[in-house]
Amino acid sequence: MKSTVGIFTSRAKAERAVEGLLSIGFQRRDIEILTPEANDPEVKAVATTETEQPGMGKTIGGVVGGALGVSGGMSLGAAAASMFVPGVGPIIASGIIGAALFGIGGAAAGAAAGDRLEEGMADGLPRDELFVYEDALRRGRSVVIALADDDEQDAKAREVLEQAGAETIDFARDQWWVGLRDAEEETYRATGGDFQKDEHTYRSGFEAALHPDARGKTFEESQDHLTRCYGEVCEHPPFRAGFQRGHDYNLRLREGGDNTV
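Just so we're aligned, residue 1333 is where the sequence shown starts under our numbering, counting upward by one.
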């Protein structure tokens, strides 16, 4: 399966995008809205239970009864999960995709009882940009994920999301980096590095530290994954410097500290 993701400045826009996806033949089970819980006052009173994920601190997982409806009473047809994502806060995942995505990423636990990913769906989950979704949610935005069966359906989904006013993942990713770039340049230059020359490799290392298979781990603990994904580049000093900064950034977020130093 192929994943298409759009980031929206409001839940209302995200819901309109979902309506558009349903109108072109997407199944409810293949669509997800992730939204900060503050944007869903109706579910704030629902109790959650605390669970512990090794190395990730406290997380909260719970089932929000029934289905979380979107505008006009329309339901995505799947139980919604209320989850506390370290470094983000409480979010609502109005389907099984989000719960599976964050569960696989090690960032949260909890999904509706009895729900499970169908064979092949897990391979389509957009895990590489998990940190981009987290950043969007921290800024109060909503994320829509659609899993398409083929290239044609994927292209149609992209068109629907664009028409609904979505920011692309590439745009959101670049905006995220813009917010960090000055501090990273200053830090790297202080070590004698040439940021203008090394920025691409440095940024690759920084982002690599935020991948679900590497986050919270040292470079050595992640080396097999890094070599598989980046080859010899991961041994270059700018990459390793970026990885360490990304590792520290991830820890600060999860501890609730300043992520700009």
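Glycine is no exception: its CB is placed at the ideal position from the N, C-alpha and C atoms. Predicted model only: the values in this text are computed from it and were never measured.
Using alpha carbons as the reference points, say which of the options lies closest to residue i.
i       : options                            : result
Ala1540 : Asp1506, Gln1576, Gln1528          : Gln1576
Ser1426 : Val1475, Arg1471, Val1510          : Val1475
Thr1336 : Leu1479, Thr1367, Arg1361          : Leu1479
Glu1531 : Leu1583, Gly1574, Gly1548, Asp1502 : Gly1574
Arg1343 : Gln1485, Ser1355, Leu1366          : Leu1366
Leu1457 : Ala1432, Arg1471, Glu1351          : Ala1432
Leu1585 : Glu1552, Gly1548, Pro1569, Glu1567 : Gly1548
Counting only the same chain and skipping the five closest in sequence on each side, list residues whose C-beta sits under 7 Å from that of residue i.
i       : result
His1557 : Asp1545, Ala1546
Arg1600 : Here the chain comprises residues numbered 1333 to 1593, so residue 1600 is not present and cannot be evaluated.
For residue i, which residues of its own chain have a beta-carbon under 6 Å away from its beta-carbon, when the five flanking residues on both sides are left out?
i       : result
Gly1578 : Phe1538, Ala1541, Leu1542
Lys1488 : Ile1356
Ser1554 : Ala1546
Gly1497 : Lys1345
Leaving out five residues on either side along the sequence, give the residues of the same chain with a beta carbon under 8 Å from the beta carbon of residue i.
i       : result
Asp1483 : Lys1334
Ser1536 : Tyr1562, Val1565, Phe1571, Gly1574
Trp1508 : Phe1463, Val1464, Asp1467
Let me confirm a value: residue i is counted as buried when at least 16 other C-beta atoms fall within 10 Å, else exposed. Which label applies?
i       : result
Ile1477 : buried
Val1510 : exposed
Arg1473 : buried
Gln1359 : exposed
Pro1418 : buried
Leu1356 : Checking the displayed sequence, the identity of residue 1356 turns out to be Ile instead of Leu. Counting Cβ neighbours within 10 Å, Ile1356 comes out exposed, since fewer than 16 surround it.
Thr1523 : exposed
Thr1559 : exposed
Gly1404 : At Gly1404 the pLDDT is 34, less than 50, meaning the model places this residue with poor confidence; the figure from the coordinates comes in the next sentence. Gly1404 comes out exposed.
Arg1348 : buried
Phe1503 : exposed
Ser1407 : Low local confidence applies: a pLDDT of 43 at Ser1407 is under 50, so the model's placement there is unreliable, and no value is given.
Thr1533 : buried
Gln1485 : buried
State the DSSP-derived secondary structure class of residue i, mapped to helix, strand or coil.
i       : result
Lys1612 : Residue coverage of the chain in this structure runs from 1333 to 1593, which leaves residue 1612 outside it and unanswerable.
Arg1459 : coil
Phe1538 : helix
Pro1544 : coil
Gln1485 : helix
Gly1419 : coil
Arg1471 : coil
Asp1506 : helix
Asp1580 : helix
His1557 : helix
Gly1293 : Within the shown structure, residues of the chain are numbered from 1333 to 1593, placing residue 1293 beyond reach of any answer.
Thr1523 : coil
Glu1531 : helix
Glu1587 : coil
Gly1511 : helix
Gly1357 : coil
Per DSSP, which residues does residue i bridge with? Please list them.
i       : result
Thr1336 : Ala1478
Glu1499 : Ile1339
At a cut-off of 7 Å, would you count residue i as near the ligand COA, judging by its Cβ distance to the nearest heavy atom?
i       : result
Asp1483 : Inclusion of the ligand COA in the displayed structure is not the case, the ligand content being empty and no account of it being possible.
Would you verify that the beta carbon of residue i is, or is not, closer than 8 Å to some beta carbon of chain D?
i       : result
Ala1546 : Within the model displayed, chain D is absent; a lone protein chain is all it includes.
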